[in-house]
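Position in the sequence shown counted from 1, then plus 53, gives you our numbering. In this text, a Cβ means the ideal position worked out from N, Cα and C, and glycines have one as well. One structure is given here, and the rest of the page talks about it.
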Amino acid sequence: MTFQSKIQPKQEVVLTGDRTTGKLHLGHYVGSLKHRVQLQQQYETYIMLADVQALTTHFHNPGMLADSVRQVALDYLSVGIDPEQATIFVQSMIPEIAELTCIYSMFVTVSSLRHNPTVKHEAQERGYEDLYYGFLGYPVSQAADITAFKASLVPAGEDQIPHIEQARRIVRRFNELYAPVLVEPQILVGERLEGLDGGSKMSKSLGNAICLDASSEEVRSQIRRATTDPARVHKTDPGHPDICTIYGYHSIFRKEGSEEIREQCQKGSISCAACKAMVTEAIEEVLEPIRERRELYKHRTKDIDDILMAGTTKARSVARQTMGEVREAMGIHYF
Ligand code: ATP
Ligand code: MG
């Protein structure tokens, strides 16, 4: 057997992505990015810069997209996504995704979108009453993103569970209506990271995030100011780790030591300052290699553009192939 024949082609496909609405943060890292880095060697991996989805909430300001696309791309490279292993592409430059969205929207009901708990929560958070058509329909567009590449696995945060469920329903409906062309995706759910203010998930738009490009000083001061158990004023006061943001960080970034911290907090034998210092150190261990890779890439803007162009060209040809099969299945391949 030759060496070449031992190399197995990557059979299964992973697709995931992020809205290009600003820099990525630690929530993205634990929720999805770290899984992508692990999966890229075994899976054919597509990572999408979701600029169209960004427009669902940022259509007033499309001028921010060009910078944001490059910023998120730099974040990807910094966390260790390898452009030799994974295809990074720009959503708006794949017209087949828009075509698929249009086809799927024929058999997705408005009430199924209105009942989607993540859409409901986000609409409420943003104060939307009369929902925009594109915003309400973004889960359909996400189904198009995933199915255009026949992805079977989507590493994402828990807020994405209803969207993947919607995508699975769309696939089943399409396959039974026309022909079994599409692949049902599964979600690989990452951990959820709370924001520094407690109370809500770490999010780009809520200003409660530790960005992946934060300096050591920024991380230190952000954690120093983070909300803890409000009932705990003195070190000897018994703490309630389950409602403490910082304890949540211990259970994600210092898994092995976290039980001990829980006991010490409950007994009032460790101060919040000491507890924060330990978690800062653990977060720094995650961020340090990310900073080093960022240094390597940050001035190579031409190389980053080349990576995006090559990725988008490859992604387009795969999406075009799927669109051809979809037309064939529906009998709308006229000439
Ligand atoms: P925006 O406020 O613009 O919606 P966001 O911070 O919510 O930005 P998205 O681009 O919507 O980020 O999410 C991209 C991916 O990161 C999704 O899979 C989402 O589940 C995951 N993610 C985002 N924030 C967190 C978090 N705090 N914890 C875990 N996963 C997260
Ligand atoms: Mg979001």
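Quiz item: Nearest-angstrom Cα distance between F188 and S274?
Solution: 36 Å
Quiz item: Hey, out of R167, A204, D250 and E178, whose CA is closest to R190's CA?
Solution: Correcting the residue type first, residue 190 is Gly in the shown sequence and not Arg. Closest option to G190, Cα to Cα, is R167.
Quiz item: According to the Cβ coordinates, are G75 and K254 closer than 7 Å?
Solution: no
Self-check item: T109: CB within 6 Å of a non-hydrogen atom of the ligand ATP
Solution: no
Quiz item: Can you tell which of P342, G116 and R307 has the C-alpha that lies nearest to the C-alpha of K329?
Solution: R307
Practice problem: Can you tell me which of the three DSSP states R369 falls into? | Solution: helix
Exercise. To the nearest angstrom, report how far apart K351 and Q138 are at their CA atoms.
Key: 20 Å
Quiz item: Excluding five sequence neighbours on each side, which residues of the same chain lie with their C-beta closer than 6 Å to the C-beta of D297?
Solution: Note that residue 297 is Cys in the sequence shown, not Asp. Only T281 and D282 meet the Cβ criterion.
Exercise. Determine the burial state of H303: buried for a count of at least 16 other Cβ atoms within 10 Å of its Cβ, exposed for fewer.
Key: buried
Self-check item: Range of the contiguous alpha helix (DSSP H) that encloses P294
Solution: No alpha helix (DSSP H) holds P294; DSSP gives it neither H nor E.
Quiz prompt | Pairwise C-alpha distance: H216 and T171 | solution = 8 Å
Exercise. Entirely within the stretch 280-365 and at least 3 residues each: give me those beta strand (DSSP E) ranges in chain order.
Key: none
Quiz item: Is the CB-CB distance between A209 and I240 below 7 Å?
Solution: yes
Quiz item: Hey, which residues come within less than 6 Å of the ligand ATP, measuring from Cβ to any heavy atom, in chain order?
Solution: D71, R72, T74, G80, H81, V83, G84, S85, A209, G210, D212, Q213, G243, R245, L246, K254, M255, S256, K257 and S258
Quiz item: Where G377 and I134 are concerned, what is the direct C-alpha to C-alpha distance, given to the nearest angstrom?
Solution: 30 Å
Exercise. Work out the CA separation of R347 and G180 for me, nearest whole Å.
Key: 36 Å
Quiz prompt | Q91: first and last residue of the uninterrupted beta strand (DSSP E) it sits in | solution = Counting along the chain, Q91 falls outside any beta strand (DSSP E), though it belongs to the alpha helix (DSSP H) covering K87 to L92.
Quiz item: So is I150 buried or exposed if we call it buried at 16+ other beta carbons inside 10 Å?
Solution: buried
Quiz item: With DSSP run on the structure shown, which of helix, strand or coil describes Q95?
Solution: coil
Exercise. State yes or no: is the C-beta of A382 within less than 7 Å of the C-beta of V234?
Key: yes
Exercise. Round the Cβ separation of A103 and T73 to the nearest angstrom and send it over; I've been treating them as touching at under 8 Å.
Key: 6 Å
Quiz item: For the stretch 145-159 against the stretch 364-380, are there 3 or more C-beta pairs whose distance is under 8 Å?
Solution: yes
Self-check item: First through last residue of the alpha helix (DSSP H) which encompasses P148
Solution: P148 to Y157
Quiz item: Which partner residues of T140 appear in the DSSP bridge assignment?
Solution: Y99
Exercise. Run the CB neighbour count on L349, radius 10 Å, all protein chains shown included, and call it buried at 16 or more, exposed below.
Key: exposed
Quiz item: Are V193 and S165 closer than 7 Å when you measure CB to CB?
Solution: no
Exercise. Determine contact between the stretch 78-85 and the stretch 242-250, defined as no fewer than three beta-carbon pairs at a distance below 8 Å.
Key: yes
Quiz item: Since G364 contacts P136 with CB under 8 Å, what's their CB separation in whole angstroms?
Solution: 7 Å
Quiz prompt | Alpha-carbon to alpha-carbon, N228 and V143 | solution = 27 Å
Quiz prompt | Per-residue burial, G301 [other beta carbons within 10 Å of its own, 16 or more giving buried] | solution = buried
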